[in-house]
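Here is the structure we will look at, set down as structure tokens.
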Amino acid sequence: MAYRTLAVRPVKRSERLTWWLSNYWLAAFIVAWGVFVILPWLAPVFMKIGLPSLGNGIYFLYQFVCHQLPSDPSSCLAHNLCIPCSKWARSGR
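FYI, the numbering for the sequence shown is 20 to 112, going by this note's numbering.
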């Protein structure tokens with residue numbers, strides 16, 4: 020008795036990506052969200068260690084979604100992590 024074999028077409032790259040995203044969408048979302056949250060904290064670190072092109076690139080990307088000025092960061096490398104109320108009152112914000 021002869022066995023019949025089915026012809027299997029090669030799987031396209033887009034089909035593999037669709038399959039992967041349908042199975043691992045939560046992992047992809049968590050990684051993307053983590054990068055989105057961590058990247059702004061790395062910008063002042065890059066500026067401090069002497070990589071201003073990376074820091075400025077991050078500031079450029081986040082200027083569309085964040086109103087924080089690079090000259091006024093409340094990051095781990097700032098001297099004051101919070102801005103005193105008197106400074107807020109004088110600035111008129």
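Note that beta-carbon positions come from the ideal geometry of N, C-alpha and C, so glycine has one too.
Burial state of Ile49, where buried means 16 or more other Cβ atoms lie within 10 Å: For this step, residue 49 is matched to residue 30 along the sequence shown. Per the 10 Å Cβ criterion, exposed.
How far does the alpha helix (DSSP H) with Phe79 in it extend, from its first residue to its last? Residue 79 sits at position 60 when you count from the first residue of the sequence shown. Run containing Phe79: 71-81, per the alpha helix (DSSP H) assignment.
Do the CB positions of Phe65 and Gly74 come within less than 8 Å of each other? The sequence position of residue 65 within the sequence shown is 46, counting from 1. The sequence position of residue 74 within the sequence shown is 55, counting from 1. Yes, the pair counts as a contact, with Cβ atoms nearer than the cut-off.
Assign Ala62 to one of three DSSP states: helix, strand, or coil. For the purposes of this step, residue 62 is taken as residue 43 along the sequence shown, with counting starting at 1. Helix, per DSSP.
Cut-off 8 Å between Cβ atoms - residues of its own chain near Arg23, not counting five sequence neighbours on either side: Taking the first residue of the sequence shown as position 1, residue 23 is located at position 4. No residues qualify anywhere along the chain.
Does DSSP put Ala21 in a helix, a strand or coil? Mapped onto the sequence shown, residue 21 falls at position 2. Coil, per DSSP.
Considering only C-alpha positions, which residue in the set Pro59, Leu36, Pro71, Ser72 is nearest to Gln82? As a first step, residue 82 must be located in the sequence shown, where it is residue number 63. The candidate whose alpha carbon is nearest that of Gln82 is Pro59.
For Lys31, three-class secondary structure by DSSP: Numbered from its first residue, the sequence shown carries residue 31 at position 12. In the structure shown, Lys31 sits in coil (DSSP, three-state: anything other than H, G, I, E or B).
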